[in-house]
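Take a look at the structure set out below.
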Amino acid sequence: MKKVERYFYPAVFTYETGQEIAVVFPDLKCATSGINDDDALLSARELLGCVLNGLEEDGEEIPSPTPLSEVDTQPNERAVLVDVYMPSVRQAHINRSVNRTVTLPAWLNAAALERNINFSQVLQDALKSQLHLG
């Protein structure tokens with residue numbers, strides 16, 4: 002199945018005095034917020050990518066977006082069409098980092114710190130070598 006490159010979904014931006022802008026995706030039943038229009042749009046785009054990527058990864062059905070002209074809004078709301086470019090979202094999720102705790106002898110830790118060793122890079126290189134991954 003060919004994956005969709007770009008999705009477009011309507012979001013409802015709600016404006017209340019003294020509060021962040023609430024953003025709801027009615028078709029996806031998820032929400033976020035932002036301190037201003039730019040922040041709200043960026044948060045909406047990030048959420049949209051995460052939700053759709055999760056649905057794709059889980060093999061769930063992606064709901065059809067409601068046409069922007071059919072989204073109901075109140076006087077303090079506006080409907081906004083939000084898009085997300087999925088190839089970059091998918092790639093980010095493939096390469097996301099995870100934290101691991103490691104235990105080292107104190108003398109080895111001190112020697113590495115003294116030489117400004119990047120612990121994460123050394124561990125990644127060692128694991129790739131050990132696993133014959135290049």
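In my numbering, each number is its position in the sequence shown, counted from 1, plus 1. Where is the CB? At the ideal position from N, CA and C, for every residue including glycine.
By how many angstroms is the C-alpha of ALA107 removed from the C-alpha of GLY60?
47 angstroms
Can you have a look at PRO88 and say buried or exposed, based on whether 16 or more other CB atoms are within 10 angstroms of its CB?
exposed
How about the segment 57 to 71 and the segment 14 to 30: do they share at least three Cβ pairs that are nearer than 8 angstroms?
yes
So which of ALA23, GLU62, VAL123 and ALA111 has the shortest CA-CA distance to LEU43?
ALA23
Beta carbon proximity, LEU29 to chain B, threshold 8 angstroms:
Considering every chain present, this structure includes no chain B. It has just one protein chain.
Measuring CB to CB, does LEU49 end up less than 8 angstroms from TYR10?
yes
Could you have a look at GLU78 and say whether DSSP puts it in helix, strand or coil?
strand
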